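Numbering (this note's numbering), first residue to last: 1 to 156. Where is the CB? At the ideal position from N, CA and C, for every residue including glycine. What you are looking at is a predicted structure, and each value in this text was computed from that prediction instead of being measured. So the structure is just underneath, and the comments pick up after that.
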Amino acid sequence: MGWMSWTQFRCEVNCAKYPNDCINEKLYQTMADRLVSDGYLDAGYNRIHVDDCWMAKSRDTNGRLLADPDRFPSGIKALADYVIDAATFAEWDCDYLKFDGCHMKKEEQHVGYPLMAHALNGTGRPIMFSCEWPLYLEHEQDQVLPTLLFIYVTNI
C-alpha cells in the first residue's frame with residue numbers, strides 16, 4: 001500500500017500559483033516524510049507512487065525520459081534515494097511503474113504496452129508494472145481482456 005499523487009493533485013504543474021499543490025520533488029518528499037511521521041509506514045503504507053506530469057517536455061539525446069528540471073531539479077534518482085533511503089526506471093531504483101495511456105493513440109496501445117512490459121522484464125530488476133491498457137479498451141461481447149494488474153484507487 002502507499003500514496004499516489006493523482007487523486008489529490010492530478011496534473012497541477014503551476015508551482016508559482018500553487019506552490020503547495022504542485023507536482024514537484026518537494027511534494028513527494030513531504031508525503032514520504034508524512035507516511036513515516038504520521039505512522040502510515042508502520043501500518044504497511046510503504047510505497048510512494050509518482051503518477052503523471054513529472055516528466056520534461058522533451059527527452060534526452062538518447063530518447064530517454066527526463067524529469068522536469070524546474071520541478072524536479074535533483075532528478076528522479078535523487079527522489080527515489082530520498083524516499084527509499086538508499087534502461088531508465090531500473091537505474092532510478094524504481095520498483096513500480098504505472099504506464100498510463102494519456103495521449104497515446106488507441107491503435108498504438110496494443111503495441112506500446114507489451115513493448116514496455118518486455119523492456120521492463122529485460123532490465124533484470126523486478127519492477128511492478130501497472131498497465132492501464134484495459135481501461136482504454138472498448139468492452140465488446142467477444143473481446144477477451146488480457147489478465148493484467150488492476151489497481152483501484154479509493155479513499156481509505
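Buried/exposed call for residue i, threshold 16 Cβ in 10 Å
i	result
Met31	buried
Tyr18	exposed
Cys11	exposed
Asn20	exposed
CA-to-CA distance, residue j to residue i, given in whole angstroms
i	j	result
Pro69	Cys22	14 angstroms
Ser5	Ser130	15 angstroms
Met128	Ala16	34 angstroms
Asp51	Thr7	10 angstroms
Phe9	Gly63	28 angstroms
Leu35	Ile48	9 angstroms
Ala86	Asp95	Because the pLDDT of Ala86 is 30, which lies under 50, any placement of that residue in the model is unreliable, and the number read from its coordinates should be weighed accordingly. Spanning the two alpha carbons is a distance of roughly 13 angstroms.
Ala43	Asp93	23 angstroms
Ala80	Pro73	13 angstroms
Met116	Thr123	11 angstroms
Leu66	Ser58	7 angstroms
Tyr82	Glu25	10 angstroms
Gly39	Tyr28	17 angstroms
Pro126	Tyr113	17 angstroms
Glu107	Gly2	32 angstroms
Of the listed residues the options, nearest to residue i (C-alpha basis)
i	options	result
Asn121	Val50, Lys106, Glu107 and Leu97	Leu97
Met55	Tyr82, Gly75 and Tyr113	Gly75
Arg71	Leu41, Trp3 and Asn14	Asn14
Residue range of the unbroken alpha helix (DSSP H) whose run includes residue i
i	result
Arg34	Glu25 to Ser37
Phe9	Trp6 to Phe9
Endpoints, beta strand (DSSP E) assigned at residue i
i	result
Tyr96	Tyr96 to Phe99
Arg47	Arg47 to His49
CB contact check: residue i to chain B, cutoff 9 angstroms
i	result
Met4	Any reference to chain B falls outside this structure, which holds one protein chain only.
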